[in-house]
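These protein sequences, in sequence, are chains Y and L.
Each residue of the first sequence is one higher than the one before, starting from 597 at the first, in our numbering.
Each residue of the second sequence is one higher than the one before, starting from -8 at the first, in our numbering.
The block underneath contains the structure these notes are about, expressed in structure tokens.
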Amino acid sequence: MFLEINNLHARIGDKEILKGIDLTIGPGEVHAVMGPNGAGKSTLAAVLTGKPGYEVTEGSILFQGRDLLAMTPEERAWAGLFLSFQYPIEIPGVTITAFMKAAVNAKRKAHGLPEFKTGDFLKLMKEKMALVQMKPEFAKREVNVGFSGGEKKRNEIFQMALLEPELSILDETDSGLDVDALKIVADGVNTLRSPERSAIIITHYHKLLEYVQPDVVHVLKDGRLVKTGGRELIDAIEARGFDQF
Amino acid sequence: MGHGKYIAPPAGQYQVQAGEVLNLQFVVLPGESRDIDVSIDLIGPGAEAHIKALYLCGADEKVNFHILMHHRAPGCHSTQTIKGIAGGTAQVQFHGIIVVAPDAQQTEAYQENHNIVLTDQARVETRPQLEIYADDVKCSHGATVGQLNEDELFYMRSRGIPEKEAKTLQMLSFLSPVIPEGRAEEIESAVRSL
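Listed below in structure tokens is the structure:
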């Protein structure tokens, strides 16, 4: 399988947040993970991408047959993982161009490919920025510094489009977006869909899922996936909330 | 502020006359201990002095800054930006004093000292000090001692930038306001050596 999470338990400090997650995702599939605040949604994203401060106490994660938990965050990125941050980080003094050139070339190097020449890279960047309707002047802006909420999220999707990950994890990418920005983000996600690329869309809201059709929907509550189904689950949540599960 | 009687410090090694501008730049790179002792007198109306300093130290190096900026005449303007990174068991001290004499009305004086420590053993001590005897002045000082930002590092690593490279990028962006023109490559290789 493409991604296989088995009996995953994780905690921060002595607080257990994930209490046994089992989740299998096939190539090309888009899974939605929905749940109320505090259910463990962001912890799942953090553990998948290797954020320091989270301790996995039990279980395993296999990504394309590799032991994900044994890999550093950068190795996971090279293997094709991408997290769209719920709260994208500002990096003063580093331009988007410098940031993404370092990222793309590190990934190419890890795969034994030559680094991009500056001209080629800028051309590619321009193309991907147009995809998410980012203005060209953003290339010279410092990463996320002084960006509005919508601009930050758009920047995440731009980075995703540029890195072409095999597995994208979108952590509350729809929060704080107006309908226009939401459509742009959804277009970016849909453009990237292919039989080889999968995605996990984490949200407590149905909004993004109107524009990006998930194949499978899971309900995460109190650190466990309590229900798995199709689109009908989104409608049930919209109608009656999370208390029904 | 709130000091008693104004006692003029002894004359400094730099006297800046009316309308003149003094620019000083200091760079301390790993491999040496340094004492930087500077005192500046702004003695003519409208004189200006600007200090930029960058330090990078590791091992058991010691770097000391002692800066006295003395505004003696009205309408003078001074800025100080001192930034650096300490690793190993390095010890850094910064002591910066701005004195604004009673006659030095319409003074503008700013001082920033920001430091990053890379190890538990490195020590940075910063003591900014203002002595103001005039009432029509704009003065500010800021001093911080911090560590590399973990959230920024994780964000960069999650995009595939290796940890060491992410740290280098962060250190260079921290230092960028004090990197002298034409020395970016030299500073970058010094940062990588820390």
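All C-beta atoms, glycine included, are put in the ideal place defined by N, C-alpha and C.
Please confirm whether residue i and residue j have their CB atoms less than 8 angstroms apart.
i	j	result
phenylalanine 754 of chain Y	lysine 731 of chain Y	no
phenylalanine 678 of chain Y	leucine 759 of chain Y	yes
alanine 40 of chain L	glutamine 8 of chain L	no
isoleucine 765 of chain Y	leucine 619 of chain Y	no
proline 648 of chain Y	asparagine 751 of chain Y	no
phenylalanine 681 of chain Y	aspartate 767 of chain Y	yes
valine 778 of chain Y	leucine 804 of chain Y	Residue 778 of chain Y is actually leucine in this sequence, not valine. Cβ distance < 8 angstroms, so leucine 778 of chain Y and leucine 804 of chain Y count as in contact.
valine 629 of chain Y	isoleucine 798 of chain Y	yes
glycine 10 of chain L	isoleucine 31 of chain L	no
leucine 45 of chain L	leucine 185 of chain L	no
I want to verify the contact list: residues of chain L whose CB lies under 7 angstroms from the CB of residue i, in sequence order.
i	result
proline 762 of chain Y	In the sequence under discussion, the amino acid at residue 762 of chain Y is glutamate, which differs from the proline named in the question. Within 7 angstroms Cβ-Cβ: nothing; glutamate 762 of chain Y doesn't reach chain L, min ~13 angstroms.
leucine 679 of chain Y	Ser149
alanine 757 of chain Y	Residues of chain L passing the Cβ test: none, with the nearest at roughly 13 angstroms.
lysine 703 of chain Y	Gly151
proline 648 of chain Y	Glu141, Phe145
isoleucine 657 of chain Y	Near isoleucine 657 of chain Y there are no residues of chain L at all, since even the closest Cβ is about 16 angstroms away, more than 7 angstroms.
glutamate 600 of chain Y	Chain L residues near glutamate 600 of chain Y: none, gap ~21 angstroms exceeds 7 angstroms.
Where does residue i sit, in a helix, a strand or coil, going by DSSP?
i	result
leucine 727 of chain Y	helix
tyrosine 801 of chain Y	coil
leucine 45 of chain L	strand
methionine 60 of chain L	strand
isoleucine 608 of chain Y	strand
phenylalanine 659 of chain Y	strand
threonine 159 of chain L	helix
glutamine 82 of chain L	strand
methionine -8 of chain L	For methionine -8 of chain L, the predicted structure reports a pLDDT of 45, less than 50, and the residue's modelled location is therefore unreliable. The matter cannot be settled from this model.
glutamate 828 of chain Y	helix
glycine 746 of chain Y	helix
isoleucine 613 of chain Y	strand
For residue i, return the contacting residues in chain L, with the cut-off set at a CB-CB distance below 9 angstroms.
i	result
glycine 689 of chain Y	Leu160, Gln161, Leu163, Ser164, Phe165, Leu166, Ser167, Pro168
alanine 673 of chain Y	Arg148, Ser149, Arg150, Gly151, Ile152
Near residue i, what residues of its chain come up, given a Cβ to Cβ distance below 8 angstroms and the 5 sequence neighbours on each side ignored?
i	result
isoleucine 99 of chain L	A small fix is needed here, since residue 99 of chain L is glutamate in this sequence, not isoleucine. Answer for glutamate 99 of chain L: Cys67, His68, Ser69, Val128, Lys129, Cys130, listed in chain order.
threonine 159 of chain L	Glu179, Val182, Arg183
glycine 622 of chain Y	Met597, Phe598, Ser794
For a contact defined as C-beta to C-beta under 8 angstroms, what are the partners of residue i on chain L?
i	result
alanine 777 of chain Y	Result: empty, since nearest Cβ-Cβ is about 21 angstroms, beyond 8 angstroms.
alanine 635 of chain Y	Per Cβ cutoff of 8 angstroms: no residues; alanine 635 of chain Y is ~22 angstroms from chain L at best.
alanine 699 of chain Y	Met147, Arg150, Gly151, Ile152
glutamate 768 of chain Y	Neighbours of glutamate 768 of chain Y on chain L: none; closest Cβ ~16 angstroms, over 8 angstroms.
Please list, in chain order, all residues of the same chain as residue i whose beta carbon is under 6 angstroms from its beta carbon, the five residues on each side excluded.
i	result
histidine 105 of chain L	Lys74, Thr135
tyrosine 101 of chain L	Thr70, Ser131
isoleucine 657 of chain Y	Ile601, Leu664, Leu665
leucine 829 of chain Y	Val813
Using a Cβ-Cβ cutoff of less than 7 angstroms, which residues in the same chain neighbour residue i once the five nearest sequence positions on both sides are dropped?
i	result
alanine 113 of chain L	Ala77, Gly78, Gly79, Thr80, Ala81
aspartate 26 of chain L	Asn55
asparagine 701 of chain Y	Glu711, Phe712
Check whether the Cβ of residue i sits closer than 7 angstroms to any heavy atom of the ligand FAD, and report yes or no.
i	result
cysteine 67 of chain L	The model depicted lacks the ligand FAD and carries no ligand whatsoever.
TODO: Compile a chain-ordered list of the residues in the region 138 to 167 of chain L whose CB is closer than 9 angstroms to at least one CB of chain Y.
DONE: Only Asn140, Glu141, Asp142, Glu143, Leu144, Phe145, Tyr146, Met147, Arg148, Ser149, Arg150, Gly151, Ile152, Pro153, Glu154, Glu156, Ala157, Leu160, Gln161, Leu163, Ser164, Phe165, Leu166, Ser167 from the region 138 to 167 of chain L bring a Cβ to less than 9 angstroms from some Cβ of chain Y.
Open item on the list: Can you pull out the residues from the region 708 to 736 of chain Y whose beta carbon lies closer than 8 angstroms to at least one beta carbon of chain L?
Closed with: none
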